[in-house]
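Engineer: Note that the UniProt record's numbering has the sequence shown beginning at 1, numbered continuously upward.
Built from N, CA and C at the ideal position, the CB exists for glycine as well.
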Amino acid sequence: MNEKKKLILETAMQLFAKKGFHSTSIQEIANESGISKGAVYLHFQSKDDVLYSIFSYYYEKLQQKISEAKLDSYTPEERLQKLLQAQAQEILHHKEFIIMQFREQAIAMNKEIDELIMKIRIDSLQTLASGLKDLYGERITPILPDCVLLLDGMFSSYMKLIVLQDIELNVEELPTFIMSRMHDVVEGMLRNHTKPFLSLDQAYSIYQETQSGACEQKSPIILLSEMETAINQLTIKDSRKNELIETVRFLMKELENERPRRFIFRGMLHQFEGVSELDSYTTDLVDALDLE
Numbered sequence: 001m002n003e004k005k006k007l008i009l010e011t012a013m014q015l016f017a018k019k020g021f022h023s024t025s026i027q028e029i030a031n032e033s034g035i036s037k038g039a040v041y042l043h044f045q046s047k048d049d050v051l052y053s054i055f056s057y058y059y060e061k062l063q064q065k066i067s068e069a070k071l072d073s074y075t076p077e078e079r080l081q082k083l084l085q086a087q088a089q090e091i092l093h094h095k096e097f098i099i100m101q102f103r104e105q106a107i108a109m110n111k112e113i114d115e116l117i118m119k120i121r122i123d124s125l126q127t128l129a130s131g132l133k134d135l136y137g138e139r140i141t142p143i144l145p146d147c148v149l150l151l152d153g154m155f156s157s158y159m160k161l162i163v164l165q166d167i168e169l170n171v172e173e174l175p176t177f178i179m180s181r182m183h184d185v186v187e188g189m190l191r192n193h194t195k196p197f198l199s200l201d202q203a204y205s206i207y208q209e210t211q212s213g214a215c216e217q218k219s220p221i222i223l224l225s226e227m228e229t230a231i232n233q234l235t236i237k238d239s240r241k242n243e244l245i246e247t248v249r250f251l252m253k254e255l256e257n258e259r260p261r262r263f264i265f266r267g268m269l270h271q272f273e274g275v276s277e278l279d280s281y282t283t284d285l286v287d288a289l290d291l292e
């Protein structure tokens, strides 16, 4: 992204946070940026386009920070802490973006913006789900949706205090504190055999259907999670079941890469052939990843 386009987005973010999206004009964005109105239109077709680009810009910056963290070199718990730390740093660096979202209540402007907002939300929850599963293993599966929402809720609540109310908290220590509390929650629920509040089906439905039905196609990570649940319910030999689960988890790991390799999926999906109960999942994965 060139510097002028970045300047326009940063300026628009500040104005939207201060005045609101509807009360801010392209002319004001141009004036505050120190460029002509025509120059703004050279980079963006409309104010909606500016807003879409703000969400896209923030999402790309967050993904870049996560990538730069080189998470593969850490333990599962350290990876989750680093993920939370990267998110916290980006939130603080782009406070105006967060304030803008709360001021406008996520701004349901058009289908494209709704879908992008939902993609960011789903990706965030899926990343937390993957991290928790890596940390606690298969035993967390029944309560995973609840744990994801509890972790996301804790983190979001503390960040709101920092961003919206200017409460001075130690952001460096926050991920460690939150992960300690998650240990208390997870181990307590497992020890007490706590019944999940959210079922896996309910959780997937929530992730897919919020915001007026945006993102109708299920994402690959959700399809693989559903597939693993289905495999665990199959009445087949344990050796075959373990083989299928290992394949699913290998593909989940591949999805963590910035650019998942399609040839890997094309090859590995053959492992599920002959198991009719999984046919619908493999078909949906082919569509979701455009493997045809």
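Within the chosen definition, does the stretch 160 to 175 reach the stretch 85 to 102 through at least 3 CB pairs nearer than 8 Å?
Structural biologist: Counting Cβ pairs under 8 Å, three or more are found: they touch.
Engineer: With DSSP run on the structure shown, which of helix, strand or coil describes D123?
Structural biologist: Locating residue 123 in the sequence shown gives position 123, counting from the first residue. Helix at D123.
Engineer: Note down the Cα distance separating I117 from K237, rounded to an integer number of angstroms.
Structural biologist: Your numbering for residue 117 matches position 117 in the sequence shown. Your numbering for residue 237 matches position 237 in the sequence shown. In a straight line, the C-alpha of I117 is about 42 Å away from that of K237.
Engineer: Determine the extent of the alpha helix (DSSP H) in which E277 is found, giving its start and end residues.
Structural biologist: The count along the sequence shown starts at 1 and reaches residue 277 at position 277. Neither: E277 is in no alpha helix (DSSP H) and is coded neither H nor E.
Engineer: In whole angstroms, give me the CA-to-CA distance for I120 and V275.
Structural biologist: Mapped onto the sequence shown, residue 120 falls at position 120. Mapped onto the sequence shown, residue 275 falls at position 275. Going by the C-alpha atoms only, they are around 33 Å apart.
Engineer: So, for Y281: in the same chain, excluding its five sequence neighbours on each side, which residues have a beta-carbon less than 6 Å away from its beta-carbon?
Structural biologist: Taking the sequence shown and counting its residues from 1, the one referred to as residue 281 is at position 281. These residues qualify, in order along the chain: L223, M227.
Engineer: Could you compute how far the alpha carbon of L289 sits from the alpha carbon of R262?
Structural biologist: Residue numbering aside, residue 289 sits at position 289 when the sequence shown is read from its first letter. Residue numbering aside, residue 262 sits at position 262 when the sequence shown is read from its first letter. Spanning the two alpha carbons is a distance of roughly 8 Å.
Engineer: Measure the C-alpha to C-alpha separation of S23 and F16 and round it to an integer number of angstroms.
Structural biologist: Here residue 23 corresponds to residue number 23 of the sequence shown, with the count starting at 1. Here residue 16 corresponds to residue number 16 of the sequence shown, with the count starting at 1. Roughly 8 Å between the two C-alpha positions.
Engineer: Within a Cβ cutoff of 7 Å, which residues of the same chain sit near F197, ignoring the five residues on either side of it in sequence?
Structural biologist: Within the sequence shown, the letter at position 197 stands for residue 197. Excluding residues within five positions, the ones whose Cβ falls inside 7 Å are D146.
Engineer: Does DSSP put Q81 in a helix, in a strand, or in coil?
Structural biologist: Taking the sequence shown and counting its residues from 1, one reaches residue 81 at position 81. Looking at Q81 - three-state DSSP - the assignment turns out to be helix.
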